[in-house]
Structures are given as C-alpha cells and as structure tokens.
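Asker: Dumping the structure here so I can ask a few things about it.
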Amino acid sequence: MTEQSFDPEELGLVAGLEIHQQLDTATKLFCDSPTRLREPEEATRTVTRYLHPTKSELGEIDDAALEESQVDRTFEYLAYDSTCLVEEDDEPPHEMDEEALTVAMQIADLLDMDVVDQAHVMRKIVIDGSNTSGFQRSTLLAQEGEIQTPDGPVGVEDLMLEEESAKRVEETDEGVRYSLDRLGIPLVEIGTKPDISTPRQAREAAERIGMLLRSTGKVKRGLGTIRQDVNVSIAEGARVEIKGVQALDQIDEIVETEVRRQKELVDIAAELDERDAAVGEPTDVTDVFADTESGVIAGALNSGGEVHAVRLDGFDGLVGKEIAPDRRLGTELSDHAKRHGAGGIFHTDELPAYGVTEAEVEALREAVDAEEGDAVALVADDPETAELAIDAAAERAVVAMEGVPEETRGANDDGTTRYMRPLPGAARLYPETDVPPVEPDPSEVEAPELLTEKVERYQAEFGLDAGLAEQVAYGRRMPLFEAVVADGIDPTFAATTLESTLTELRRDDVPVEALTDDHLRDLFALVDSGELAKEGVNDVLTVLAEEPSLAAEAAVEEAGLSGVDEAEVREAVAEVVERNADQVEAEGMGAFSGLMGEAMGALRGKADGEVVSDVLREEIQKRA
C-alpha cells in the first residue's frame, strides 16, 4: 500500500467491480471447439480481417468503437487444427453450450442472484480486433445478488455469460496478430453495484467473489484466466473504468492510486480555472528544429516527418505535475498522442532535455506565441501521425480544464493506469439474431460446496492439518484431489503430492506445468497398487514433466524405479546391516535411524519406506 495524504472515504470514493472469469468447460460457448490453449507455433493457417464500426438499432455509433476505427490496422488471426468456422466468422454460431449455462447458474446461486426467465444473446460491438466478427456475444443471465465482506455487504448487479476474446500475440507492421485458441471460451462477467467505499473493501469483495467462483471446480486457473476491472470515482471526479487488474492483492493499491489521480486532476482544473487557461491551435513548428541535435526529433525529420506543437495558455508548471507515481498531466496528454501512433510528446515543463536546447525552447515558444505562464507540447513524427497526435493531446488538455474525464484505462504492473479509450455506451449493443433465446432452469442446478466448507471437511473427514487443507481446497488441482480420494488414494499422500511435492519440484525448475491430471492420476494408481514406492514419486514426476508424452508406467522405467519384491529388499537391507555389523552389535536398535537412510539409498526409491523399515528392524534384531 502506498502512503496517503488523503482519505478516500472523505473524498467520496465510490467503486464497483467487474470480474471476468473463464469457465473450464469441454467446448466453447457457441461451437464444439475445445477450450484448450495452443502455442502460436502450432498454427496451421492465418485469417485476415479489417473491422469497422456499425450503428446500433437506434442508429448510433459507440464512441469507443469510433475511436478504435480511427486507428488504421489490419488484424491477422492464427488458426489451428481445432479452429472451427464459427471462430473464423465464416459460419453462424451454434446454440449456447449447456455445460457453460449450468456452471453460470451455479455461480448465480452462490452470489444469491435471481436467474432471468429467458436469456437473450446480444452483440456487443468490439472492433479492436479481439473478435473476428467485430462484436462479442453476451447474455444477461442473472441479477440482484449480494456478497458479504468484513467491511459490509456489496450488491451484485448482474451476471453475464459471454465469449472470451482472442488473445493478442504481437504487434505487426500492419496491425495486430491474434490467436483464435482463446476466442469463444465461455466467460462469466460479474458486475457489483457501486457499494464499495474503501480500497480495502474493493480487494475483499474481489477475494470473496474469487472464492465463490473457484468453489464450482469448473473455472480455469492460471495467469489471464480471471481479470478484474474496477470502476472508480470520487465526489468531484468522474467514473473511470480500470481494465485488466491481474492480481487480487493489487486492487486496493490501484483504487487508492486512482483516487489520488482524480484528486490531483480536480486540483489542476481548479488552478487552471484561476489562471483563465486556454488551449491554442496546433501549429507546424518543423523549422524551429531544422538543425536540432535531439535524437528523437532529428530521427523523425530525417524520415520526412514534421514537428507539430500546441500552446497551452496558463499550463506552465502543471503539465509536469505528478498526479500518480511517476505519472504527470503530461503523461495523460502523451497517452492520447500514442493512441494515434506517436511515440509520445515533449512539453516545456521538462525542456530543455532530450537533446532539445534552451535556444530551441525559446524559439518554440516564440513560434506558437507562448507567453510567461504558458506551456507548449510538441510531437515529432510522420506528417499525418504528428497532426493527429498533437490534436489528440490538445483535446486532452481542453478536458484537463474541466476536471476528470470519464474513460476506460488499463492497469499497469506498478499499480498506476494508462488511457485506453472513451467509456463505452449502450450504443454498442444490439440483438444476436443467429442464436435462439434460452429459458434457464436454476432448480435443476445443484449448489457446490464452498471452498471454506471444503477446508473444514478436509480436516474433519481426511485428517489434514488446517494449512494443507486450505492449500488443497484453494489449489487448482482440487477437483483431481477429490477424484483420486474417491478412488481410494490416501488423502494425506494425495494432498501432499499435489501441493508440497509439486511446489518443491517447481522451485527446483522442474516444468511441473506440463503435468496433466492423467499423469498424476496414473501415478497415484501405481503407488496404490505397490508398483511404485512413495519415495520414487519425485523422480517419476520429474521424468513426466520433462517428457510429458510418456505414460506413468514408462516414466517409472525411465527413472529406473521398477518395483522390487520383498526378497530383493531383504537382500539389500541385509547387505547394509552386514557392512555396519560393528555398529549394530554396539548400538543395537539405536543404529536404526542411520542405517534406514543407507538402506533407502541402496534401494534408490524402488521400495516403500514402511517395508524397508520392517525388514531393517528384523535384520538388526537378528544381530543384536
């Protein structure tokens, strides 16, 4: 948490969450393709699209879609042997996936929500390339729920069942490359009411919803499978949607930082009002930098570019004012310029610097008629980009005189945010005519056991300690744990292997993420049947992780851990005792601990420790 010089509650903080969670279903929401992610290198072909905004039923064009359309880009999509025509937008969508609908209704039940009588699929216009069709299919499934947090209840406004977007792979010279493996995976979007009044409560609410989602055992786990968006405003600010918060423990920091940003922008607007601030007309100032030694500007000019600048009346000292850690009002102007392809802006609060001299600053100020108390912002790029970018920066400067703009921002790793686009509106929605409505029946859905309840049951029923019980219940392998225990595997052994053993191997740089549930299930079966000693589990898992194409039985052979019978165990143990005959005669059973380690080493994990222990005791007693 960052240090505060303000109280978010006193500033009138109002916040709400939007939680996006992928469901772990067999197939996608509107086709039969698997929900398994692929590597870009596995792509078998590519598809190219150009997207444009369309009008809603009311004849309106959404502001966010319009701004996206102003960025000229080609979208390329990687397709795989598992990609279907629906994902390529070459075939109408199929009916809604039944498994996804069932899981979503379970989630609605856990959130104490009312499921709608009839669910209609809508098209949400999205033309950033993340959907081949230019829209995302979304269905309102439930409304009016509530969750409890230590700081009070938080209402849940709605639950949407929708398609996940395509995964952005990389920027290309022509536009953006996406991967179609993720497109269409079922996703629930849960929106809370604006009942959150502190940064801490925002994190508490997200943690509670996350626990409820994982309680179904049917949500995907891992980086990128759950995303938190946060809507934040203060009394004198505006609603800002912050997208893409990946870590739960970062939510309170992001809310707190956004409160500070809005407070600083409100203060800047008040100061600009006192100064009678204004924004001039953008001007071509290329001649000022004809002989510049600034690498950035010279590079643009040498490529046929231009320098465009705008006078900011009364902005002197405020463009460089910090509004969030390492971010200033100038950063806000720069974010808008970047949306139009520029690398950023320079402004006089930070100049001379970057190779720009004092003389060039004076000439720049003269070229745009800047007086004392004024600031100047400039962009150097190709002529079209420079013109669009400086116009965007100037428009953002105008908004700064008004206060905090409503907008969508992206979360940065350091807890700050960056401008993305205007807030979307209702103009982006219209009915999907290719998918019939469904009538969900929540009475047919069984509510899952909460993870908090599982922790208590694992302790009472299986004898796990509190820490291990919580690790298993909240871990991504929880469904596997329950399945193998139901098959008769010892709960403590299963839990320890899935949590402690895999964690230890990961720390030793073993690629445990390559291990599948089938690998682990087969390994447990080998131990249960006596074909593999527990002591050999680490070695076999290591082989399987490094060669995932192997079956568990083959991995045992590869690790040299094929089981031995009792006669071989007795022979190996007898040799250990014989080598240490003097110690055994002197210490008797006191020599047991030291010889046990030597005996296990001699058998190299091929025999179960309990068997070795029993045989060693017998052999020592013969000598004692």
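Heads up: the sequence shown at position 223 corresponds to 223 in the UniProt record's numbering, and the numbers run straight through without jumps.
Beta carbons: idealized from backbone N, C-alpha and C, even for Gly.
Quantities reported herein were computed from a predicted structural model and do not represent experimental measurements.
Alpha carbon to alpha carbon, how far is Glu68 from Val445?
Answerer: In the sequence shown, the residue the question calls residue 68 occupies position 68. In the sequence shown, the residue the question calls residue 445 occupies position 445. With a pLDDT of only 49 at Glu68, under the threshold of 50, the placement of this residue in the model should not be trusted, and no figure is reported.
Asker: When you compare the CB positions of Glu9 and Ser197, do they come within less than 7 Å of one another, or not?
Answerer: Taking the sequence shown and counting its residues from 1, the one referred to as residue 9 is at position 9. Taking the sequence shown and counting its residues from 1, the one referred to as residue 197 is at position 197. Their beta carbons are under 7 Å apart, which means Glu9 touches Ser197 by this criterion.
Asker: Among Glu41, Thr192, Thr416, Glu453, whose alpha-carbon lies nearest the alpha-carbon of Arg328?
Answerer: By 1-based counting over the sequence shown, the position of residue 328 is 328. Residue Thr416 is the option with its Cα nearest to Arg328.
Asker: Where Ala586 and Glu619 are concerned, what is the direct C-alpha to C-alpha distance, given to the nearest angstrom?
Answerer: Against the sequence shown, residue 586 aligns to sequence position 586. Against the sequence shown, residue 619 aligns to sequence position 619. Rounded to the nearest angstrom, the two C-alpha atoms are 15 Å apart.
Asker: What residue ranges within the segment 305-370 form continuous alpha helix (DSSP H) runs of no fewer than 4 residues, ordered along the chain?
Answerer: 329-338, 358-367
Asker: Is the number of C-beta pairs between the segment 455-473 and the segment 201-208 that are closer than 8 Å three or more?
Answerer: By the Cβ test, the segment 455-473 is not in contact with the segment 201-208, since fewer than three Cβ pairs between them sit closer than 8 Å.
Asker: Cα separation between Val510 and Leu541?
Answerer: Within the sequence shown, residue 510 is the residue found at index 510, counting from 1. Within the sequence shown, residue 541 is the residue found at index 541, counting from 1. Cα to Cα, the separation comes out at about 9 Å.
Asker: Here's a check: name, in chain order, each residue in its chain whose Cβ is nearer than 8 Å to the Cβ of Tyr80, leaving out the five neighbours to either side.
Answerer: One-based indexing of the sequence shown puts residue 80 at position 80. Hits under 8 Å: Arg38, Glu42, Ala43, Thr44, Leu180, Asp181.
Asker: Output the distance between the C-alpha atoms of Leu66 and Gly12, rounded to the nearest integer angstrom.
Answerer: In the sequence shown, residue 66 corresponds to position 66, counting from 1. In the sequence shown, residue 12 corresponds to position 12, counting from 1. Note that Leu66 scores 47 on pLDDT, short of 50, meaning its location in the model is unreliable; the coordinates nonetheless yield the value given after this. Roughly 32 Å separates the two Cα atoms.
Asker: What do you get for Ala270, buried or exposed, if any count of 16 or more other CB atoms within 10 angstroms of its CB means buried?
Answerer: As a working note, residue 270 is residue 270 in the sequence shown. So Ala270 ends up on the exposed side.
Asker: Please classify Tyr50: is it buried, with 16 or more other beta-carbons within 10 angstroms of its beta-carbon, or exposed?
Answerer: Within the sequence shown, the letter at position 50 stands for residue 50. Tyr50 should be labelled exposed.
Asker: Compute the Euclidean distance between the alpha carbons of Thr357 and Phe346, then round it to the nearest angstrom.
Answerer: Residue numbering aside, residue 357 sits at position 357 when the sequence shown is read from its first letter. Residue numbering aside, residue 346 sits at position 346 when the sequence shown is read from its first letter. Approximately 13 Å, taken between the alpha carbons.
Asker: How close, in whole Å, do the beta carbons of Arg311 and Ala370 come, if the pair is a contact with beta carbons under 8 Å?
Answerer: Here residue 311 refers to the residue found at position 311 when the sequence shown is read from its first residue. Here residue 370 refers to the residue found at position 370 when the sequence shown is read from its first residue. The distance from the Cβ of Arg311 to that of Ala370 is about 5 Å, consistent with a contact at the 8 Å cut-off.
Asker: Within a Cβ cutoff of 6 Å, which residues of the same chain sit near Glu578, ignoring the five residues on either side of it in sequence?
Answerer: On the sequence shown, residue 578 is found 578 positions in, with the first residue counted as 1. Once the five neighbours on either side are set aside, Glu578 has no close Cβ partner at all.
Asker: Using 8 Å as the threshold, is the segment 290-306 in touch with the segment 367-384, meaning 3 or more CB pairs across them?
Answerer: yes
Asker: Taking a contact to mean a Cβ-Cβ separation below 7 Å, would you say Arg418 touches Asp335 in this structure?
Answerer: As a position in the sequence shown, residue 418 is number 418, starting the count at 1. As a position in the sequence shown, residue 335 is number 335, starting the count at 1. Yes; because the gap between Cβ atoms is below 7 Å, this pair is in contact.
Asker: Mapping DSSP to helix, strand and coil, what is Asp385?
Answerer: On the sequence shown, position 385 is the one that residue 385 refers to. Inspection of the sequence shows that residue 385 is occupied by Thr rather than by Asp. DSSP places Thr385 in helix when its eight states are reduced to three.
Asker: Check whether the Cβ atoms of Ala15 and Val255 lie closer than 7 Å to each other.
Answerer: Numbered from its first residue, the sequence shown carries residue 15 at position 15. Numbered from its first residue, the sequence shown carries residue 255 at position 255. Yes, Cβ-Cβ distance for Ala15 and Val255 is below 7 Å.
Asker: Tell me the DSSP secondary structure of Ala393 in three-state form.
Answerer: Locating residue 393 in the sequence shown gives position 393, counting from the first residue. In the three-state reduction of the DSSP assignment, Ala393 falls in the helix class, which pools H, G and I.
Asker: Any idea what DSSP makes of Met401, helix, strand or coil?
Answerer: In the sequence shown, residue 401 corresponds to position 401, counting from 1. It is coil, neither helix nor strand.
Asker: Suppose the cutoff is 6 Å on Cβ atoms and the five residues either side in sequence are ignored; what does the same chain contact list for Leu29 look like?
Answerer: Taking the sequence shown and counting its residues from 1, the one referred to as residue 29 is at position 29. Cβ neighbours of Leu29 beyond the five flanking positions: Asp97, Ala100, Glu163, Gly184, Pro186.
Asker: Name the DSSP beta bridge partners of Asp229, please?
Answerer: Taking the first residue of the sequence shown as position 1, residue 229 is located at position 229. Bridge partners of Asp229: Glu18.
Asker: Residues in the same chain with beta-carbon distance under 7 Å from Met113, minus the five sequence neighbours each way, listed in chain order, please.
Answerer: As a working mapping, residue 113 is identified with position 113 in the sequence shown. The answer, listed in chain order, is Ala142, Gln143, Glu144, Gly145, Val156, Leu159.
Asker: Are Ala353 and Ala389 closer than 7 Å when you measure CB to CB?
Answerer: If you number the sequence shown from 1, residue 353 lands on position 353. If you number the sequence shown from 1, residue 389 lands on position 389. No, they are not a contact pair.
Asker: Taking C-alpha atoms, which residue in Lys243, Ile268, Asp173 lies nearest to Ala411?
Answerer: Within the sequence shown, numbered from 1, the residue matching residue 411 stands at position 411. Closest option to Ala411, Cα to Cα, is Lys243.
Asker: Looking at Phe524 and Pro491, is the spacing between their C-beta atoms short of 7 Å?
Answerer: Looking up residue 491 in the sequence shown gives position 491. Looking up residue 524 in the sequence shown gives position 524. Contact check for Pro491 against Phe524 fails: the beta carbons are separated by 7 Å or more.
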